[in-house]
Structure formats: structure tokens, C-alpha cells
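Novice:
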Amino acid sequence: MKKTKAKPKVNTKPVKIKDSIPEDYSTETHLIYGKGYTEKWDYSHHLVPPMTASATFRLESAQRGAQGFIEFAHTIEGKEVSKQTPIYIYDRLGEPNKDLLEDNLALAESGDACVTFSSGMGAVSAALGILSAPGDQVIAHKTMYGCTYELLTLWYPRYQIDVKFLDLTNPANLKKAITDRTRVVYFETPVNPTLDLIDIGAISEIVKAANVNRRKRNRINIVVDNTFATPFCQRPIEIGADFVVHSLTKNIGGFGTDVGGAVVGPLWSKDKLLLYRKDFGAVLGTKNAWDALVYGLPTLATRVRQQQKTASEVARYLAGHPKIDMVNYPGLDEWPQHTLARKQMRDFDGNFAPGSMIYFVVKGKSPEESRCNAEKLTNFLAKEAYTITLAVSLGNIRTLVEHPGSMTHAAIPASEQVKKGIDPGGMRLSIGLEKVDDIIRDLQKALNKI
Ligand SMILES: *Cc1c(COP(=O)(O)O)cnc(C)c1O
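Plus 3 on top of the position in the sequence shown (first one is 1) and you've got this note's numbering.
(1) Is the closest heavy atom of ligand 1 to the C-beta of Met3 under 6 Å?
(2) Using DSSP bridges, identify the partner residues of Asp228.
(3) With C-beta atoms as the reference, is Ala265 less than 7 Å away from His249?
(4) If you count every other CB in all the chains shown that lies within 10 Å of the CB of Thr369, and 16 or more means buried, which is it?
(5) For a test of your reading of the model: does the CB of Tyr152 fall under 6 Å from any non-hydrogen atom of ligand 1? Yes or no.
(6) Going by C-alpha distance, which of Ile181, Arg186, Asn176 is nearest Ile201?
(7) Which of the three DSSP states is assigned to Ile442 in this structure?
(8) Less than 8 Å between the CB atoms is what I'm expecting for Trp293 and Asn107, so what's the real figure, rounded?
(9) Check the DSSP bridge columns for Cys117 and list the partner residues they point to.
(10) Please name the residue in Ala285, Asn173, Arg217, Ala295 whose C-alpha comes closest to that of Lys253.
(11) When burial is assigned at 16 or more other CB atoms within 10 Å of the CB, is Ser135 buried or exposed?
(12) Is Ser135 helix, strand or coil by DSSP?
(13) Indicate the three-state DSSP secondary structure (helix, strand or coil) for Thr3 in the structure shown.
(14) Can you tell me which of the three DSSP states Asn331 falls into?
(15) Mapping DSSP to helix, strand and coil, what is Phe363?
(16) If you reduce the DSSP assignment to three classes, tell me which class Ala449 lands in.
(17) Alpha carbon to alpha carbon, how far is Glu83 from Leu270?
(18) Using a Cβ-Cβ cutoff of less than 6 Å, which residues in the same chain neighbour Arg431 once the five nearest sequence positions on both sides are dropped?
(19) Do you know offhand how far Ser433's Cα is from Gly398's?
(20) Hey, would you say the C-beta of Asp228 is under 6 Å away from at least one heavy atom of ligand 1?
(21) Around the C-beta of Tyr332, are 16 or more other C-beta atoms found within 10 angstroms, so that it is buried, or is it exposed?
(22) Given a cut-off of 7 Å, decide if Gly284 and Ile242 are closer than it, judged by their beta-carbon atoms.
(23) Note the first and the last residue of the continuous beta strand (DSSP E) segment covering Val141.
(24) Does ligand 1 have a heavy atom nearer than 6 Å to the CB of Glu191?
(25) Is Ser359 near ligand 2, with its Cβ less than 6 Å from a heavy atom?
(26) Just confirm the distance between the C-beta atoms of Ala449 and Glu387, as a whole number of angstroms; I'd bet it's less than 8 Å.
(27) Could you pull out every residue in the same chain whose Cβ sits closer than 7 Å to the Cβ of Leu436, ignoring the five residues on either side in sequence?
(28) According to DSSP, is Met147 helix, strand or coil?
(29) Considering only residues of the same chain and omitting the five flanking positions on each side of Leu62, which have a CB-CB separation below 8 Å?
(30) Could you give the DSSP three-state label for Asp274: helix, strand or coil?
(31) Going along the chain, which unbroken runs of the beta strand (DSSP E) with 3 or more residues stay wholly within the stretch 275 to 307?
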């Protein structure tokens with residue numbers, strides 16, 4: 004490809020993505036176009052940004068290379084560090100496809116900065132990694148994705164970071180638990196796999212009050228894993244969270260082709276996240292970034308809007324089935340947390356957006372029988388259903404089912420699972436883009452067999 008000369012630009016403070024695109028269009032439209040350029044790369048001839056495949060970048064002189072290293076991750080705190088066009092140096096430090104994706108993810112989440120990682124777990128470890136150090140305390144909701152739980156229970160004790168698990172569905176529990184050492188409040192909402200909701204606004208009020216007399220470096224930060232909801236259904240930063248983490252592997256990627264993760268947060272965190280990624284090394288592959296940029300984000304709204312329409316009907320069907328004990332879906336009117344769902348789960352235009360995930364519990368006379376029936380149902384679906392696949396991911400164009408107790412949450416001991424609301428007969432369903440009647444027919448056939 005012919006080399007094009009990038010227009011020289013003065014590198015002052017980075018522009019907030021929100022300020023760089025026309026305001027009077029919806030976020031949904033912006034996710035198709037995005038910011039559309041990086042200061043360091045000219046691809047103005049392309050409609051679709053080319054997929055980048057260069058692990059390293061040509062430096063024009065020893066001085067410019069040295070300056071690039073000095074500038075890296077030192078552009079945020081308000082200082083003008085260079086009068087020259089910023090440069091790319093090496094993929095792990097940053098490159099065009101990731102930069103474009105990060106701008107668009109920040110936009111989707113109403114955040115000021117985003118850094119991507121090689122997986123959702125890479126993003127979770129980075130967010131917690133820049134916010135906590137030995138001697139600090141992390142407060143987390145008692146139920147969460149199994150690997151995040153293991154990160155906090157297997158690894159964090161080794162770093163002398165204390166982790167306290169609470170039931171944050173009652174925010175009053177948090178107020179009592181905060182200490183001088185608390186640095187992070189961490190939770191998913193909806194919670195994986197139970198779909199319980201945590202009131203982001205109420206948690207934020209408590210943390211704000213606790214932060215009043217704290218110095219900046221001792222502040223408590225709220226980190227929300229927004230993977231289940233996606234930014235289409237909920238933007239935690241708008242409601243008071245400081246950080247959002249994502250597994251891009253799920254509904255943002257949307258097609259199940261790539262693993263990835265992202266942290267969205269305030270501008271001050273960008274340098275730290277970039278340094279963390281550079282040194283711990285969980286860098287998102289360019290091809291994965293490109294897929295999320297070109298296919299995932301632009302179709303997010305359309306996919307999730309359709310999935311949640313189907314999910315509402317499937318949830319209603321399951322709720323009325325005699326072999327089902329309980330259905331958790333934020334869109335069900337009779338669901339205990341429906342009011343909270345209506346308050347905080349809203350799409351880009353403000354419509355109620357209950358999402359594409361369902362948790363349901365199969366009936367049984369005892370927990371053992373319930374587990375046994377869930378296993379039978381799982382096996383029947385795995386063998387016979389055309390529209391429902393047994394697989395441990397979510398947010399796919401295909402409907403996926405799994406048994407959290409023995410799969411995604413197996414890292415949590417069985418006796419602990421019950422305390423955390425993970426029922427032995429509990430099953431997680433992630434609704435895809437198939438016709439709703441086909442999904443329901445497959446469920447019906449399977450339920451007839453148990
Ligand atoms: C899948 C998942 C993760 C981990 O993401 P990976 O991309 O698999 O590393 C983290 N949090 C939640 C809620 C998830 O569902």
C-alpha cells in the first residue's frame with residue numbers, strides 16, 4: 004500500500020471521544036461510523052478501516068523513536084508532551100484497530116477513555132490491578148462469574164489484597180462494610196448467572212459519601228462488569244460507576260468468533276491501563292479488535308433489540324411452564340426487581356431494555372432431583388435441539404444454554420453456590436437471533452422429556 008502522509012496535528016491533551024463527533028445523532032448511529040480516525044493513521048480512502056497486521060512500526064529517526072517512548076502513556080495528565088504527530092511504536096503499546104475500537108467503546112459506554120485487553124478476564128484483572136495494592140480491600144458482590152471469583156479468592160490473597168464478599172442487592176450492607184482500606188467496589192449487574200440486579204445509583208451514593216474526605220489516591224472506585232447487559236441495555240458510568248469492564252467475547256463481539264475484553268473509565272486511568280497492558284501483556288489481537296470494530300459494535304443495537312424481544316417471550320413461556328420453578332428475567336413484570344430493572348436498564352433512546360439473558364430453575368422434589376432434571380434437560384437440548392446449543396458463552400447470534408453449577412461457576416464450591424443463589428437446578432439461557440417460535444418449540448420438546 005502506498006504510504007500516505009498523515010496531516011501534522013498538535014498533540015495536546017487527548018480529545019474526549021464525546022467531543023469529537025457530531026452531537027445530534029444517536030449513539031446507535033455513531034457506533035456504525037465511530038470517531039473514524041486516529042491522529043496517528045490516515046486511512047481516509049477506505050470506507051472500512053483496513054485490518055492492521057503489523058507487530059511493529061517504522062520509526063523515522065532515533066530521536067523520534069526515543070520521543071515516542073517518552074510520550075507513551077504520558078499524555079493524559081494535562082501536559083503537552085509533543086508538538087509532533089504522535090506515532091505508533093509496537094502493537095502491545097497501541098495500534099490503529101485497537102485505538103479505533105477503544106474510542107467507539109468509550110462512546111458506547113459514555114466513558115472518557117477505554118483500553119482493550121486480550122480477554123474479559125484480562126480486562127477484569129487490569130481494572131482491579133490498577134486500583135488496588137497490598138494492604139487494600141476490595142468489596143465485591145457475593146455472586147459473580149466463576150473466573151472472577153477465582154481471581155479474587157485464589158490470587159488476591161497472595162498479593163495481600165483483602166476481598167470481602169457481600170450481598171450488594173441490599174446496598175445498606177455496603178455502608179456498614181466500608182473501611183479506610185476499601186479501594187474498590189466490584190459487581191456485575193445483572194449478575195452472572197442469577198440475573199439479580201444491583202442498584203448502581205444507590206451504591207454510587209454510598210461510595211460518594213465515603214469519598215468526601217478521602218485524598219484522590221485513597222478514593223473508592225466502583226467497577227461494574229457490564230457484560231450481561233451490554234452498553235445497549237445499560238451504561239453504568241451514566242448512573243455513577245467509575246469503571247465498566249467487558250468481555251468482548253460476548254454480545255459486543257456478538258458472533259462468537261473472537262475473545263477480547265475492555266475497560267472503560269475516567270481519563271486519568273488511561274495511562275495506568277496502557278502501562279498495565281504493556282507490562283502484563285494481555286493485549287487484544289488486531290484481528291479480534293477489527294472484528295469487534297467492524298461487525299460487533301455496529302450491529303450491537305440491532306442484535307440486542309431483537310434478542311430481548313425474543314427473550315421476553317421465552318421468559319414468559321418458561322414462567323408459565325409447570326416444570327419450571329422460577330424464572331429470573333428483568334423484563335418480567337412480576338419479577339421482584341422489575342422496578343429497579345426499569346430504572347437502570349435503558350437503551351440509547353431511553354426505552355426499557357431488559358437484555359437477552361434468562362436464568363431459570365428446573366423443578367424437583369429435592370435439590371438433588373432438581374439438579375438431575377436440569378442435567379436431563381441439558382442433555383436433551385444438547386442432542387436434539389436445533390436452535391439451542393449447549394455451550395458456555397453468551398451474547399451470540401445462536402441461542403446458548405448451560406448449567407452454571409457444573410460449568411461456568413464450577414470454581415465456586417457446591418456448598419457455597421447455594422448461598423450465592425446458584426441453584427443446583429439453575430440453567431442459564433442466552434437468547435440468539437433464531438425465530439422465537441423455533442426456540443420455544445425446542446424448549447417444549449425437551450421439557451416434555453423430563
Ligand atoms: C465471560 C465473562 C467474563 C470473562 O470474559 P472472557 O472474555 O471469557 O475472559 C467476565 N465477566 C462476565 C460477566 C462474563 O460473562
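Just so you know, even glycine gets a beta-carbon here, dropped at the ideal spot from N, CA and C. These numbers come from a predicted model, not from an experiment.
Specialist: If we stick to the structure as given:
(1) Outside the shown range of the chain, which is 4 to 453, sits residue 3, and nothing can be said about it.
(2) BP columns for Asp228 point to Glu191, Val248.
(3) yes
(4) The question names Thr, yet the displayed sequence has Ser at residue 369. Counting Cβ neighbours within 10 Å, Ser369 comes out exposed, since fewer than 16 surround it.
(5) No, ligand 1 has no heavy atom inside 6 Å of this Cβ.
(6) Asn176
(7) helix
(8) With a Cβ gap of about 12 Å, Trp293 and Asn107 do not count as contacting.
(9) Val267
(10) Ala295
(11) buried
(12) Looking at Ser135 - three-state DSSP - the assignment turns out to be coil, as it is neither helix nor strand.
(13) This structure cannot settle anything about residue 3, because the visible part of the chain is limited to 4 through 453.
(14) strand
(15) It is a strand residue.
(16) helix
(17) Note that Glu83 has pLDDT 48, beneath the 50 cutoff, so the model's placement of it is unreliable and the number below is only indicative. In a straight line, the C-alpha of Glu83 is about 15 Å away from that of Leu270.
(18) Pro196, Tyr362, Glu405, Pro407
(19) 6 Å
(20) yes
(21) buried
(22) no
(23) 140 to 144 is the span of the beta strand (DSSP E), which, as asked, contains Val141.
(24) yes
(25) Questions concerning ligand 2 fall outside what the structure shown contains, since the ligands it does hold are ligand 1.
(26) About 7 Å separates the two Cβ atoms, so the contact holds.
(27) Arg306, Gln309, Gln310, Ile400
(28) coil
(29) Gly68, Gly71, Ile90, Ile92
(30) Looking at Asp274 - three-state DSSP - the assignment turns out to be helix.
(31) The stretch 275 to 307 contains no complete beta strand (DSSP E) run of 3 or more residues.
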